[in-house]
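Here is the structure we will look at, set down as structure tokens.
Chains as they are written, first to last, in my numbering: chain A, 405 to 600; chain B, 405 to 600.
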């Protein structure tokens, strides 16, 4: 199982945004949407062995986490607008303490970044994707892997502190500084090549 | 210099489409837009050493080629909607025999796939990206490289025949079949790693 945790530092949690304005009004939700695309899409199928956690930290209803579960997903299309619509639909659901299902394979909860990490650390190895890490091509990878990354902003000092409690390694993907969705594409390819 | 040539088999050439409907009404223009994103964007900059050719073959005004020139580009944002707007703007310009400039770094012409390949073959090595090619990690790469790929559809037999006249090699990017924009991300990373 591959898991990706992406922090949307300003991403809206209320669902009160226009589909024409996912960059501005929705707090760079476009970045997270492209991460969903990179995580799941192959040419003729969806990766069923992937799970994505979008940690939304913007707006009055923060934090919320949207979980995409590959083996249950339906109605996911590669364009940004349709994924924005699925996320908005999830944010408009009433959610109390427990995670609820918004649509097939898409869940919403009030969990914070720290709560998600505590849950995930029980079932796999947490890896932080950052420019100054070890080259992923030189690192041994096995088992269930959880990759953590930021949106268009780096993790804050406090987020890095929380992550450092759980993460075993910091990995980089090459000599340049890549967009988050491009990072996910590169990780997926590396794991495909290793048959993981 | 890195160049990417992507064929949009049904992509609209008239500019007569809505920005809310780049998948359907614009003939899967969304695929090409994501390719532009992957080709140019780094975290805090645009790749100036990249040129992209979108070969649009759909609609009543086909063929048209939109050329994105990295070292002149301005007003390019990573979200799909804003790039769709730049492309529509280019398609709405009146273009006769000669290529014209639609906006900074974006040019439109009536050139066909074959004409573009003939031009490009003079100045670099043409490489075809396809699942059954040689693994890019095992191939020596140098000089000016031109990567050719399809949109959500493979190249037709006729397009493959035209390409075979000019291409030196067919390359693959891993054991899975990837979306075109993900292929471009993987190529850029491989070239970054080699300092090309």
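The beta-carbon is built from N, C-alpha and C at its ideal position, and this holds for glycine as well.
Since residue i meets chain B, which of its residues come closer than 9 Å, beta carbon to beta carbon?
i, result
"residue 445 (chain A)", "582, 583, 586"
"residue 533 (chain A)", "Within 9 Å Cβ-Cβ: nothing; residue 533 (chain A) doesn't reach chain B, min ~12 Å."
"residue 424 (chain A)", "423, 424, 485"
Once you ignore the five residues that flank residue i on each side, which residues in its own chain have a CB closer than 6 Å to its CB?
i, result
"residue 574 (chain B)", "532, 534, 537"
"residue 443 (chain B)", "408, 454, 456, 588"
"residue 487 (chain A)", "437, 440"
"residue 550 (chain A)", "407, 524, 528, 530"
"residue 426 (chain A)", "433, 434, 488"
"residue 503 (chain B)", "511, 513"
Output, in chain order, the set of chain A residues within a Cβ distance shorter than 9 Å of residue i.
i, result
"residue 427 (chain B)", "481, 482, 483, 485, 486"
Can you pull the chain B residues whose beta carbon is under 8 Å from the beta carbon of residue i, in chain order?
i, result
"residue 578 (chain A)", "593, 596, 597"
"residue 590 (chain A)", "589, 590, 593"
"residue 453 (chain A)", "Within 8 Å Cβ-Cβ: nothing; residue 453 (chain A) doesn't reach chain B, min ~12 Å."
Tell me which residue opens and which closes the alpha helix (DSSP H) that residue i is part of.
i, result
"residue 486 (chain B)", "484–495"
Starting from residue i and walking both ways along the beta strand (DSSP E), at which residues does that stretch end?
i, result
"residue 561 (chain B)", "Careful: residue 561 (chain B) lies outside any beta strand (DSSP E), inside the alpha helix (DSSP H) at 561–570."
"residue 499 (chain B)", "Neither: residue 499 (chain B) is in no beta strand (DSSP E) and is coded neither H nor E."
"residue 505 (chain A)", "504–507"
"residue 513 (chain B)", "510–513"
Find the residues of chain A that neighbour residue i, judging by a C-beta separation of less than 7 Å, and give them in chain order.
i, result
"residue 568 (chain B)", "Simply none; closest approach about 22 Å."
"residue 600 (chain B)", "Those within 7 Å of residue 600 (chain B) in chain A number zero; the least Cβ separation is about 11 Å."
Apart from the five residues on each side of it in sequence, which residues of its chain come closer than 8 Å, Cβ to Cβ, to residue i?
i, result
"residue 416 (chain B)", "429, 430, 431, 433, 460, 462, 463, 495"
"residue 582 (chain B)", "590"
"residue 541 (chain B)", "594"
"residue 571 (chain A)", "530, 531, 532, 552"
"residue 451 (chain B)", "406, 443, 444, 445, 474, 592"
Using the beta-carbon of each residue, which ones in chain A are nearer than 8 Å to residue i?
i, result
"residue 448 (chain B)", "581"
"residue 555 (chain B)", "In chain order: nothing, as chain A lies at least about 11 Å away."
Find the residues of chain B that neighbour residue i, judging by a C-beta separation of less than 7 Å, and give them in chain order.
i, result
"residue 442 (chain A)", "586"
Any chance the CB of residue i is under 7 Å from a heavy atom of the ligand MN?
i, result
"residue 558 (chain B)", "The ligand MN is absent from the structure shown, which contains no ligands of any kind."
Give me, in chain order, the residues of the same chain whose beta-carbon lies closer than 7 Å to that of residue i; leave out the 5 immediate sequence neighbours on both sides.
i, result
"residue 556 (chain A)", "432, 435"
"residue 516 (chain A)", "467"
"residue 506 (chain B)", "493, 494, 497, 512"
Determine, using beta carbons only, whether residue i comes closer than 8 Å to chain E.
i, result
"residue 434 (chain A)", "The chain labelled as chain E is not found among the protein chains of the depicted structure, namely A and B."
Handout entry: Positions along the segment 458–487 of chain B whose CB lies within less than 9 Å of some CB in chain A
Key = 481, 482, 483, 484, 485, 486
Exercise for the section: At 3 residues or longer, and completely inside the segment 413–481 of chain B: list those beta strand (DSSP E) runs for me, N to C. Expected result: DSSP runs (the beta strand (DSSP E)) wholly in the segment 413–481 of chain B: 454–462, 468–473.
Handout entry: Secondary structure, beta strand (DSSP E): runs of 3+ residues fully inside the segment 522–594 of chain B
Key = 529–539, 549–554, 571–576
Handout entry: Short-range partners of chain A found in the segment 409–422 of chain B, where Cβ spacing is below 9 Å
Key = Residues are counted here when their Cβ sits less than 9 Å from a Cβ of chain A; for the segment 409–422 of chain B the count is zero.
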